[in-house]
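**Student:** Please find one structure pasted underneath; my questions will follow.
There are 2 protein chains.
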Amino acid sequence: MTEAADLLAPQEGKRERAKAANREAILEAAKKVFAQLGYETATVRDIIRGTELASGTFYNYFRSKEEVFEALADDGARRFRPILRAARDQAADFEDYIRRALIAYFMFLRAENQAEGRPVSERRPHVHADTPQAIAVYNEVREGIEDAIARGVAPNVDADYLASACIGMAQELGAAMLERTPPDVEGASAFAAAFVLGGVAGLPRKS
Amino acid sequence: MTEAADLLAPQEGKRERAKAANREAILEAAKKVFAQLGYETATVRDIIRGTELASGTFYNYFRSKEEVFEALADDGARRFRPILRAARDQAADFEDYIRRALIAYFMFLRAENQAEGRPVSERRPHVHADTPQAIAVYNEVREGIEDAIARGVAPNVDADYLASACIGMAQELGAAMLERTPPDVEGASAFAAAFVLGGVAGLPRKS
DNA sequence: TTCGAAGTTGACACTCCGTCATTGTATCGC
DNA sequence: GCGATACAATGACGGAGTGTCAACTTCGAA
C-alpha cells in the first residue's frame, strides 16, 4: 500500500469503485433509455447496451427493469423531500407553507418530466399514488398538516383527507400546468394555493 | 325455417350469436383474470384459458390485452357519464351539483373497485389520468364548470385548472375513502364538497 | 506469487406475443 | 337437399424479451 497514492486517492479498492461506477453507468443509461423510449418500450437490453457491460451483469445490480426505474424515481423523491421539509421550516405561516410546498412540488414535477424526457402531453406526472415515493410524499404532507394543526396555525380538520385531497389536486394540476407552454408553474401554484386555502377555510372542523 | 322457433327465439344467425357469446366470454374471463392477477401480471393466454377458445381466436376480437382492458374500462365510463350528467341536470345550484357529482363519483369508484375485485388497500382508483375514459370524465366535469360559470352560478375561474384540481382531489380522496372500513362515502363527499366550495370561493377570478 | 472470492460474460431455456396457413362450419344460391 | 363460399377457430410458429448459470476473468489478501 503506497501511502502517497493513498493520500492522493483515498478511495476504496478497485472492486468497490468498479461496482459503484457500474451501478452509476446503468442508472445513467437507464435514464437516457427511458427518456428516449418510455418505460414500456424500453428493454433491459436497451439499457445495458448503453453501457460497456454484458446483459447478465445488469442482474447483479437490479432485479428487473422495474427496480432500476424505482431507483431512479427514489432518487427524485429523495431530492424532493428535503425541499418540502425546508418549505415547512421556513414558512412564515400556514398560507406561506402551502404556497412554498406547491411551488416546490410543481418545480419537482417539471424537473422530473424534463429529466425523463417524457412528452409533456402524456399527462402522467411521475409520482403515482401507488409507488413508495408517493407514500413518502403523502406522509410528509400529512405530517406538515398535522404539525400545522398542532401549532394552531391550521384549523382542526381531517389530516388524512386533506393530505389526500391536496396531493391529488397537485398531481392533476401539475399535469395541467405541464401541458401549457411554457409550463405555467407560477399560475398553477397561485391557483392551487388559493384553492387549498379557501378549501381549508370551508372545511368542517373535527369533533 | 320453422316460424314457431323463429318467434320463440327471433335472434340473428348462429354465427352472430356465437360471435357475441365469444366476445362476452372473453370479456368475462378478462375481468376475472385482471381481478385475480392484476393488469401487469395477467397474460392474454391467461384470459383465453378462462374460455373454451384457442389463443389465436382472442385476436379476432381484440387487438391486445390493452384493448380488452379498455373495453372493460369503457364499460365503466359509459355507466358513469350519464349519472354525472343527471347530477348536473337535477342540481338545484352549484353547491348541490358539486355534492351530487362527488357522491356519484365516489360510488362509481367503489363499484369499480368491487367489480374488479381490486383490494381496497391498493390505493389506485380505476380511472387514471391517462386513459380515454378519464379524458371523458375530465371533459364532462369541465363542461359542467363552464356551464355553471356561463349561468353565473359559479365565479369566473380557470375551468381547466378547476376541473383538473377537482378530479385529482376526488381521485385521491376516493382512494382514501375506500381505505376506511366501511368505505366512508358520506364523509368523504361532505369533505370534498366543502373543500371544493371553499376552494372556489378563494379562487382568483379570470381577467 | 498464488489462490480463493467476487464479478462478468453471453449462451440458453423459458415465456409471452401476434400471425397465418389450415381446418371447420354456418349461410346462401340453386 | 346440396355444393360453393365466406367467415371464424385453431394452434404451431417465428420473433422478442426475460432471467439464469456455468465458465471465465480479475482483484487483492496472504
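As they're listed, the protein sequences go chains A and B.
Numbering-wise, the working numbering comes out as the position in the first sequence, counting from 1, plus 891.
Numbering-wise, the working numbering comes out as the position in the second sequence, counting from 1, plus 891.
All C-beta atoms, glycine included, are put in the ideal place defined by N, C-alpha and C.
1. Compare the beta carbon distance of Gly1065(B) and Tyr988(B) with 9 Å and say whether it is the shorter of the two.
2. Comparing C-alpha positions only, which one of Ala1081(A), Ala983(A) and Ala1085(A) sits nearest to Ala1039(A)?
3. Does DSSP put Arg1042(B) in a helix, a strand or coil?
4. The alpha helix (DSSP H) that contains Phe1082(A), what's its start and end?
5. Would a check of beta-carbon distances place Glu1063(A) closer than 9 Å to chain B?
6. Within the continuous alpha helix (DSSP H) that includes Ser946(A), where are the two ends?
7. Among Val1076(A), Glu1063(A), Phe985(A) and Tyr1052(A), whose alpha-carbon lies nearest the alpha-carbon of Arg1042(A)?
8. If you draw a straight line from the C-alpha of Val1018(B) to the C-alpha of Leu918(A), how long is it?
9. At a Cβ threshold of 9 Å, is Ala984(B) touching chain A?
10. Is Ala916(B) closer than 9 Å to Glu957(B) when the C-beta atoms are compared?
11. Is it buried or exposed, Ala1020(A), if we count other Cβ atoms within 10 angstroms and call 16 or more buried?
12. Could you give the distance in angstroms between the alpha-carbon of Glu907(A) and the alpha-carbon of Arg914(A)?
13. What does a CB cutoff of less than 6 Å around Leu1053(B) pick up in its chain, not counting 5 residues either side in sequence?
14. Just curious, the alpha helix (DSSP H) that Lys923(B) is in, first and last residue?
15. Between which two residues does the alpha helix (DSSP H) holding Asp937(B) run?
16. Tell me, to the nearest whole angstrom, how far the beta carbon of Ala926(A) is from that of Gly941(A); I am working on the premise that it is less than 8 Å.
17. Using a 10 Å radius around the Cβ and a threshold of 16 neighbouring Cβ atoms, would you call Gln1062(B) buried or exposed?
18. So, helix, strand or coil for Arg1096(B), using DSSP?
19. Going along the chain, which residues of its own chain have a beta-carbon closer than 7 Å to the beta-carbon of Tyr1029(A), five neighbours each way excluded?
20. Quick one: list the residues of chain B neighbouring Met1060(A), beta-carbon separation under 7 Å, in chain order.
**Tutor:** In terms of the structure at hand:
1. As a working mapping, residue 1065(B) is identified with position 174 in the second sequence. As a working mapping, residue 988(B) is identified with position 97 in the second sequence. Contact flag unset, no.
2. Here residue 1039(A) refers to the residue found at position 148 of the first sequence. Selected option, being the one with the closest Cα: Ala983(A).
3. As a first step, residue 1042(B) must be located in the second sequence, where it is residue number 151. Three-state result, Arg1042(B): coil.
4. By one-based count along the first sequence, residue 1082(A) stands at place 191. Segment Val1076 to Gly1093, the alpha helix (DSSP H) holding Phe1082(A).
5. Stepping through the first sequence from its first residue, residue 1063(A) is reached at position 172. It does: the Cβ of Glu1063(A) has a partner Cβ on chain B nearer than 9 Å.
6. Position 55 of the first sequence holds residue 946(A). Looking at the DSSP string, the run of the alpha helix (DSSP H) that includes Ser946(A) is Ser946 to Tyr952.
7. Against the first sequence, residue 1042(A) aligns to sequence position 151. Comparing Cα-Cα distances from Arg1042(A) to each of Val1076(A), Glu1063(A), Phe985(A) and Tyr1052(A), the minimum goes to Phe985(A).
8. By one-based count along the second sequence, residue 1018(B) stands at place 127. By one-based count along the first sequence, residue 918(A) stands at place 27. Any reading at Val1018(B) needs caution, since the residue's pLDDT is 40, under 50, leaving its predicted position unreliable; the model's value is listed next. Their Cα atoms are separated by approximately 31 Å.
9. Looking up residue 984(B) in the second sequence gives position 93. Looking at the sequence shown, residue 984(B) is not Ala but Asp. Taking Cβ atoms only, chain A never reaches closer than 9 Å to Asp984(B), which makes this a no.
10. As a first step, residue 957(B) must be located in the second sequence, where it is residue number 66. As a first step, residue 916(B) must be located in the second sequence, where it is residue number 25. The answer is no: Cβ separation not under 9 Å.
11. Here residue 1020(A) corresponds to residue number 129 of the first sequence, with the count starting at 1. Low confidence applies here, because Ala1020(A) scores a pLDDT of 42, under 50, leaving its location unreliable and the question unanswered by this model.
12. Working through the first sequence from its first residue, we reach residue 907(A) at position 16. Working through the first sequence from its first residue, we reach residue 914(A) at position 23. Approximately 11 Å between the Cα atoms of the pair.
13. Here residue 1053(B) refers to the residue found at position 162 when the second sequence is read from its first residue. Once the five neighbours on either side are set aside, the close Cβ partners of Leu1053(B) are Ile1036.
14. The residue given as residue 923(B) occupies position 32 in the second sequence. Where Lys923(B) is concerned, the enclosing alpha helix (DSSP H) stretches over Lys905 to Thr932.
15. By one-based count along the second sequence, residue 937(B) stands at place 46. Start and end: Val935 to Arg940.
16. Residue 926(A) sits at position 35 when you count from the first residue of the first sequence. Residue 941(A) sits at position 50 when you count from the first residue of the first sequence. About 11 Å separates the two Cβ atoms, so there is no contact after all.
17. Mapped onto the second sequence, residue 1062(B) falls at position 171. By the neighbour-count rule (16 or more Cβ atoms within 10 Å), Gln1062(B) is buried.
18. Along the second sequence, one-based indexing puts residue 1096(B) at 205. Arg1096(B): coil per DSSP, three-state reduction.
19. Within the first sequence, residue 1029(A) is the residue found at index 138, counting from 1. Counting only Cβ-Cβ distances below 7 Å, and skipping sequence neighbours, we find Ala1054 and Ile1058.
20. Counted from its first residue, the first sequence places residue 1060(A) at position 169. Those are Ala1056, Gly1059 and Met1060, listed as they occur along chain B.
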